[in-house]
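Trainee: Okay, handing you the structure first.
2 protein chains.
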Amino acid sequence: MKNAIVGQSGGPTSVINSSLAGVYESCKERDAKHVYGMRNGIQGFLEGRYIDLGEHLKTALDIESLKRTPSSFLGSCRYKLPELDDPKGSVIYEKIMRELEMLEVGYFFYIGGNDSMDTINKLAIYGQAHGSDIRFIGVPKTIDNDLEITDHTPGYGSAAKYIACVTKEIVRDACVYGVKYVTIIEIMGRNAGWLTAAASLAKGEDCEGVDMICLPEVPFNVDRFVEKVRKLQEKKESIVIAVSEGVKLEDGRYVCELSDDARSVDAFGHMQLTGTARYLCNVIARNLKTKTRAIELSTLQRCAGHMASRTDITEAYQVGGAAAKAAFEGQSGKVVTLKRISNAPYQCTTELHPISEVANLEKKVPLEWMNDNHTQMRKPFLDYARPLIQAELTPIFVNGTPYHIYIDEKK
Amino acid sequence: MKNAIVGQSGGPTSVINSSLAGVYESCKERDAKHVYGMRNGIQGFLEGRYIDLGEHLKTALDIESLKRTPSSFLGSCRYKLPELDDPKGSVIYEKIMRELEMLEVGYFFYIGGNDSMDTINKLAIYGQAHGSDIRFIGVPKTIDNDLEITDHTPGYGSAAKYIACVTKEIVRDACVYGVKYVTIIEIMGRNAGWLTAAASLAKGEDCEGVDMICLPEVPFNVDRFVEKVRKLQEKKESIVIAVSEGVKLEDGRYVCELSDDARSVDAFGHMQLTGTARYLCNVIARNLKTKTRAIELSTLQRCAGHMASRTDITEAYQVGGAAAKAAFEGQSGKVVTLKRISNAPYQCTTELHPISEVANLEKKVPLEWMNDNHTQMRKPFLDYARPLIQAELTPIFVNGTPYHIYIDEKK
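Line order of the protein sequences matches chains A and B.
Under this note's numbering, the final residue of the first sequence carries the number 479; numbering is consecutive throughout.
Under this note's numbering, the final residue of the second sequence carries the number 479; numbering is consecutive throughout.
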């Protein structure tokens, strides 16, 4: 009997722990002796940091709490494995394989986005080339929804639900004074506008919705933006705009680079993008003499477990379980994906694809899903996204706040 | 039979509409013929803008939805009535009284914070001096919790619950990478730190809580702040700090004034305060070579109806009802206040006080409720605040988001 190991990588989400629960329970059901958890992904594992999940998940309530706790229970990393043809890298791969063999690991799961799929892809290729019988399976997660092949990614539905919900609340709040007022909501999404597009879900019988949506897929022009806002103001007083942190000028520079804030860069070369809304608010205030407010949803949008989509939690659990099933059935080098059967009624199932089909690739929002001047989402997007935000899993409230489960390092 | 009129003023909250529902239902029960609603408070009323609430609240579901819809259903204003001894002001008071008589108003309610109590105080004094038999009653609301006399203000409990909830989520999110990281959460509160103090409610069996709290009641020293953070970093990697937007230097300047953002000022002379967390993050990054993230809770904290406290919603409804009762029983120039009977079990009732006892005054957080170096809240605060965030009123989810009720201007 072999053991299993699982890691979480990249930015946290509201439901990445539900996938962890799915992997854990499904491995246990398939008689894995131990299910280990890497602390801080492959980076922590390289430092010898891992736990036996069975020691932390002892009761059914622990598992239930895990499903409802946002962020990465095991911790995460943004660590890039060396290229396979880099001779200096072999020492790292050898160390990982040695450690896995020592732990008698037969099944290796990594829950993450496109950067994390790069990690598991390299490990699967290395393992196969070196005669290892360990099965490597990728479990998709990212609020960004930018993975190829899969219909959508676990994590997106909950972030989209949170964004739709707070956008409605912001729209209500922003119109109270009945004076000219421009609110710009800054939403995550470096190159793909899926999250920002979700602001369009605010519109309905009980909400006017946002007045403009700016996705990174559409080159941004500051002067034209000001002009559009001026025109919107001719018709109503409170204007609410959803803008992606990743909107770029025609020359490729991020709009937030026009402000003078210092920016840091991570291991994958990604620049920290914030300040887009603030910069645009300053431009609007200066040009249109209007009161403005910039609202950055920041990390709130990726860890709002209290507003998770039940559809998303369930699917996150399912992809975790499907990954375990695949590994125990002998699959390796694959990633679990979601395939939509139908929109109405919404039905979705899991599939397997070679990891190479998704690693390091980014899926963008199709521009046909926007109106002609690229300021609003059209029906195809709404039909696509609406099912993903349906239903709730009420948090377990203890002492007035949602209950979480976490690893207390001091114990 | 006389009519009633009600207005909402100042910053919106998650439960100000629950007070509106309380005033409305209680007036209707007492046989008010019409209950009018001022659009945008006294400012809109001066422009002849008001509605008949009965035309908008037709069903029991409408009332139920109103209780759960954040922000001000009637719209709000930040309008300061002229001083009573200002001879140029009499034309405004005459206009208001004339309009009220034309509408056959016998009962006048104004839901608001300390600035709004100034409005109703002036109207009550003016009315009495000019032989009017209209009864003027103030209904307290403010997320800031800075009203005198009342144990707490409706609106505070829900904002506090939201702050405690998202602080827990931020704490979980901020520790995932296991690297040195400083997160500063910027919370509303110009001169009183009640909201920022609520971040201390995040701490519990399932959360480490915040590492430092900075209230506006305590003079802020940037160098000492950096030194405190450096010391905290010696013990753990992820440091989460809750800082009030209103923290001030010893010389009285707001910390956010040290940044170079443009700032606007409202009718009461209040400066827009944002950028405190961002400024402090930049200082920390520069001095401690640490990754940082500034999170402004912005207006999200005052309109998060989806995370309202049921205790707060109920009390907001009760103070509205108590105001109607008082007016119909002949009281005028009074404000409804909350009086706590006991902490455990939590019990609270309503009282009446002269408006002059609360108008234009601000209640601060007692410094005895903090530890000696003013970085954490002590048990007396936790015992005070914990009951106010208890229990939930689940939103009515329609199509994946909480349902709201609003006045569609286009209809």
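Ideal Cβ positions, reconstructed from N, Cα and C, are used throughout, including at glycine.
(1) Report the residue from A/Val433, A/Ile84, A/Phe465 and A/Trp437 whose alpha carbon sits nearest the alpha carbon of A/Asn259.
(2) Quick one, which of B/Arg240, B/Met438 and B/Gly257 has its alpha-carbon nearest B/Thr251's?
(3) Short check: CB of A/Val311 to CB of A/Leu348, under 8 Å?
(4) Three or more C-beta pairs closer than 8 Å, one from the segment 232–246 of chain B and one from the segment 290–298 of chain B: is that the case here?
(5) Closest to B/Thr187 by C-alpha separation, out of B/Ser268, B/Gly388 and B/Gly401, would be which residue?
(6) Using beta carbons (cut-off 8 Å, strictly below), is B/Leu368 in contact with chain A?
(7) Comparing C-alpha positions only, which one of B/His421, B/His442 and B/Ile73 sits nearest to B/Tyr178?
(8) If you draw a straight line from the C-alpha of B/Lys148 to the C-alpha of A/Asp130, how long is it?
(9) Could you give the distance in angstroms between the alpha-carbon of A/Ala391 and the alpha-carbon of A/Ile231?
(10) Going along the chain, which residues of its own chain have a beta-carbon closer than 7 Å to the beta-carbon of B/Arg446, five neighbours each way excluded?
(11) Check whether chain B comes within 8 Å of A/Cys233, counting only Cβ atoms and requiring the distance to be less than that.
(12) DSSP state of A/Thr360, grouped into three classes?
(13) Taking only beta-carbon atoms, is B/Val74 less than 8 Å away from chain A?
(14) At which residues does the alpha helix (DSSP H) containing B/Leu300 begin and terminate?
(15) For B/Asn289, would you say it is in contact with chain A, using Cβ-to-Cβ distances shorter than 8 Å as the test?
(16) Could one say the Cβ of B/Phe176 lies closer than 8 Å to chain A's Cβ atoms, at least one of them?
(17) So if DSSP puts B/Tyr175 in a beta bridge, which residue, or which two residues, is it bridged to?
(18) Apart from the five residues just before and just after A/Glu318, which ones in its own chain have a Cβ nearer than 6 Å to its Cβ?
(19) List, in chain order, every chain A residue whose beta-carbon is nearer than 8 Å to that of B/Asp241.
(20) Can you pull the chain A residues whose beta carbon is under 8 Å from the beta carbon of B/Arg146, in chain order?
(21) Give me the chain A residues within the contact set of B/Thr344, using Cβ-Cβ distance strictly less than 7 Å, ordered along the chain.
(22) A/Gly272 bridges to which residues according to DSSP?
(23) Counting beta carbon pairs with one atom in the segment 392–412 of chain B and one in the segment 191–208 of chain B, are three or more of them shorter than 8 Å?
(24) Give me the DSSP bridge partner(s) of B/Glu254.
(25) Under a three-way DSSP split, which group does A/Val433 fall into?
(26) CB-CB under 7 Å to B/Lys431, same chain, minus the five flanking residues each way: which ones, in chain order?
(27) Select from B/Ile255, B/Lys303, B/Arg146 and B/Ser94 the residue whose C-alpha is nearest the C-alpha of B/Lys112.
(28) In terms of alpha-carbon separation, which member of B/Ala197, B/Ala89, B/Trp262 and B/Lys303 lies closest to B/Lys229?
(29) Closest by CA to A/Tyr474, which one among A/Gly90, A/Ile119, A/Cys95 and A/Arg203?
(30) Could you say which of A/Arg454, A/Ser77, A/Arg107 and A/Gly116 lies nearest to A/His124 if we only look at CA atoms?
(31) What are the residues of the segment 256–282 of chain A that lie near chain B, defined by any Cβ-Cβ distance shorter than 9 Å?
(32) Quick one: which unbroken beta strand (DSSP E) runs of 3-plus residues sit fully inside the segment 121–148 of chain B? Chain order, please.
(33) Can you say whether B/Asp212 is buried or exposed, counting buried as having 16 or more other CB atoms within 10 angstroms of its CB?
(34) Between B/His220 and chain A, is there a C-beta pair that is closer than 8 Å?
(35) What in chain B is Cβ-close to A/Tyr474, meaning under 7 Å?
(36) Counting only Cβ pairs nearer than 7 Å, list the residues of chain A close to B/Tyr471.
Mentor: By the coordinates alone:
(1) A/Val433
(2) B/Arg240
(3) yes
(4) no
(5) B/Gly401
(6) yes
(7) B/Ile73
(8) 54 Å
(9) 29 Å
(10) Trp437, Met438 and Asn439
(11) yes
(12) strand
(13) no
(14) Val290 to Gln301
(15) no
(16) no
(17) B/Ala72 and B/Arg203
(18) Pro287
(19) Pro80, Pro138, Ser139, Thr367, Arg370 and Cys371
(20) Tyr245
(21) Within 7 Å Cβ-Cβ: nothing; B/Thr344 doesn't reach chain A, min ~14 Å.
(22) A/Cys275
(23) yes
(24) B/Val311 and B/Glu364
(25) coil
(26) Asp214, Leu215, Glu216 and Ala260
(27) According to the sequence displayed, residue 112 of chain B carries Gly and not Lys. Closest by alpha carbon: B/Arg146.
(28) B/Trp262
(29) A/Ile119
(30) A/Arg107
(31) Leu269, Ala270, Gly272, Glu273, Asp274, Cys275 and Glu276
(32) none
(33) buried
(34) no
(35) Arg240 and Asp274
(36) Asp274
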